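Participant:
There are 2 protein chains.
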Amino acid sequence: MACHPLKQVIEAADKAITEEDFDALMEFYADDATLVIKPDLVATGKEQIYKAFVAIAEYFNHSLVVKQGEMHVIQSGNTALVIMETVLETSDNAGVASCISRRATYVFREEPVGKWLCVIDNSYGTDLLGAM
Amino acid sequence: MACHPLKQVIEAADKAITEEDFDALMEFYADDATLVIKPDLVATGKEQIYKAFVAIAEYFNHSLVVKQGEMHVIQSGNTALVIMETVLETSDNAGVASCISRRATYVFREEPVGKWLCVIDNSYGTDLLGAM
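Read top to bottom, the protein sequences are chains W and L.
Take the first sequence: its letters are residues 1 to 132, numbered as in this note's numbering.
Take the second sequence: its letters are residues 1001 to 1132, numbered as in this note's numbering.
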């Protein structure tokens, strides 16, 4: 299902994260969206999510590059569950590169038709089990 | 978040699967729900989902017992993503028992308030990646 419109939406959102353009990034989230920051910590609403991404950028030394791997979309009406390999490339102050691969789960809602918004952003996927 | 109302909802749905009471089971699904039967096969709508559960019961020799393990609920307004350990106990014609543990992902919608319906049922979770 790689041709699902959500593929382009997620690519554009990840580009905004990589470019630290968080105003553009907020356009991809619903007003009541929830972001899992860490297994025991969530941000709800655009204000909290914006602040979380500022902190995440700082945490990764402003080096974060987000890339997409394999993607599956399971759709039911105006709701879609996305199962996706997400690759995070980072480098530390000494320039040492790291690569983190996550098996993420995202819930999107199409509202209005043709406009998909992220309502739940859980990049940890099922790794939440046993993580707390 | 084990005290979320969805815990009881999912327990009741799994009891209906175990008892092969598929009429009762259908009450837990939205009309446009999607069930992942196998990584490359989905059922959409109650008629298809009902038939899928009849076939699943047959496949497991009418021995299927579904139990819940650890559960996390990530909620955004009237939408919830459930990350859950689901245990399937079965036995074959010779009485040999098997136990399958899955890290499932379910999307529920609360509509109207207080009534949660399953819109996406993906018991394979992120194991869909690399499965096709």
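Glycine residues also receive a C-beta, built at the ideal position from the N, C-alpha and C atoms.
Note that the structure is predicted; figures quoted are calculated from it, not measured.
#1: Kindly say whether isoleucine 1010 of chain L, judged by its beta-carbon, lies nearer than 8 Å to any beta-carbon of chain W.
#2: Does any residue of chain L have a CB that is nearer than 8 Å to the CB of glutamine 75 of chain W?
#3: How many Å lie between threonine 1090 of chain L and alanine 104 of chain W at the Cα?
#4: Alanine 1097 of chain L: which of L:Ala1131, L:Gly1069, L:Phe1060 sits nearest, CA to CA?
#5: Return yes when the Cβ of glutamate 1085 of chain L is within less than 8 Å of the Cβ of valine 41 of chain W, no when it is not.
#6: Histidine 4 of chain W CB to nearest chain L CB: under 8 Å?
#7: Excluding the five sequence neighbours on either side, which residues of its own chain have a C-beta within less than 6 Å of the C-beta of methionine 132 of chain W, listed in chain order?
#8: Using the Cα positions of valine 107 of chain W and aspartate 1127 of chain L, report the straight-line distance between them to the nearest angstrom.
#9: Distance check for glutamate 1027 of chain L and glycine 1114 of chain L, CA to CA, integer angstroms please.
#10: Please classify leucine 35 of chain W: does DSSP put it in a helix, a strand, or coil?
#11: Measuring only between beta-carbons, confirm whether leucine 1117 of chain L sits less than 8 Å from chain W.
#12: When DSSP labels each residue in this structure, what does methionine 84 of chain W get in the three-state scheme?
#13: Return yes when the Cβ of leucine 1035 of chain L is within less than 8 Å of the Cβ of isoleucine 1049 of chain L, no when it is not.
#14: Please report the straight-line C-alpha distance between isoleucine 83 of chain W and alanine 94 of chain W, rounded to a whole angstrom.
#15: Give the DSSP-derived three-state secondary structure of lysine 1067 of chain L in the structure shown.
#16: Does asparagine 122 of chain W have its Cβ less than 8 Å from a Cβ in chain L?
#17: Let's test the definition: count the other Cβ atoms within 10 Å of the Cβ of histidine 1072 of chain L and tell me whether it reaches 16, buried, or not, exposed.
#18: Rounded to whole angstroms, how far is the Cβ of alanine 1052 of chain L from the Cβ of serine 76 of chain W, which I believe are closer than 8 Å?
#19: Closest Cβ-Cβ distance between leucine 25 of chain W and chain L: below 8 Å?
#20: Kindly list the residues whose CB is nearer than 8 Å to the CB of methionine 1 of chain W, restricted to its own chain and excluding five residues on each side of it in sequence; keep chain order.
Facilitator: Looking at the coordinates:
#1: One-based indexing of the second sequence puts residue 1010 of chain L at position 10. No, isoleucine 1010 of chain L lies away from the interface with chain W (no Cβ there is under 8 Å from its Cβ).
#2: Residue numbering aside, residue 75 of chain W sits at position 75 when the first sequence is read from its first letter. Chain L contact via Cβ: present.
#3: Translated into positions along the second sequence, residue 1090 of chain L becomes position 90. Translated into positions along the first sequence, residue 104 of chain W becomes position 104. C-alpha separation (whole angstroms): 30 Å.
#4: Position 97 of the second sequence holds residue 1097 of chain L. Ranking L:Ala1131, L:Gly1069, L:Phe1060 by Cα distance to alanine 1097 of chain L puts L:Phe1060 first.
#5: Your numbering for residue 41 of chain W matches position 41 in the first sequence. Your numbering for residue 1085 of chain L matches position 85 in the second sequence. Looking at the sequence provided, one finds leucine at residue 41 of chain W rather than valine. Not in contact: leucine 41 of chain W and glutamate 1085 of chain L (Cβ atoms no closer than 8 Å).
#6: Here the question's residue 4 of chain W lines up with position 4 in the first sequence. Closer than 8 Å: no.
#7: Taking the first sequence and counting its residues from 1, one reaches residue 132 of chain W at position 132. Within the same chain, methionine 132 of chain W has close Cβ partners Pro39, Asp40.
#8: Your numbering for residue 107 of chain W matches position 107 in the first sequence. Your numbering for residue 1127 of chain L matches position 127 in the second sequence. Looking at the two C-alpha atoms, the distance is approximately 17 Å.
#9: Reading the second sequence from its first residue, position 114 is the one you call residue 1114 of chain L. Reading the second sequence from its first residue, position 27 is the one you call residue 1027 of chain L. If you take the alpha carbons of glycine 1114 of chain L and glutamate 1027 of chain L, they lie about 14 Å apart.
#10: Locating residue 35 of chain W in the first sequence gives position 35, where the first residue counts as 1. It is a strand residue.
#11: Mapped onto the second sequence, residue 1117 of chain L falls at position 117. Chain W contact via Cβ: absent.
#12: If you number the first sequence from 1, residue 84 of chain W lands on position 84. Strand.
#13: Against the second sequence, residue 1049 of chain L aligns to sequence position 49. Against the second sequence, residue 1035 of chain L aligns to sequence position 35. Yes.
#14: Working through the first sequence from its first residue, we reach residue 83 of chain W at position 83. Working through the first sequence from its first residue, we reach residue 94 of chain W at position 94. Those two C-alpha atoms are separated by around 34 Å.
#15: For the purposes of this step, residue 1067 of chain L is taken as the residue at position 67 of the second sequence. Three-state DSSP puts lysine 1067 of chain L in a strand.
#16: In the first sequence, residue 122 of chain W corresponds to position 122, counting from 1. Cβ-Cβ to chain L under 8 Å: yes for asparagine 122 of chain W.
#17: Counting from one through the second sequence, the residue named residue 1072 of chain L turns up at place 72. It counts as buried.
#18: Within the second sequence, the letter at position 52 stands for residue 1052 of chain L. Within the first sequence, the letter at position 76 stands for residue 76 of chain W. Going by Cβ atoms, the distance from alanine 1052 of chain L to serine 76 of chain W rounds to 14 Å, so no, they are not a contact pair.
#19: Taking the first residue of the first sequence as position 1, residue 25 of chain W is located at position 25. Judged by the 8 Å Cβ criterion, leucine 25 of chain W is not in contact with chain L.
#20: Taking the first sequence and counting its residues from 1, the one referred to as residue 1 of chain W is at position 1. Confidence at methionine 1 of chain W is low in this model, with a pLDDT of 47, below 50, so the placement of that residue is unreliable and no value is reported for it.
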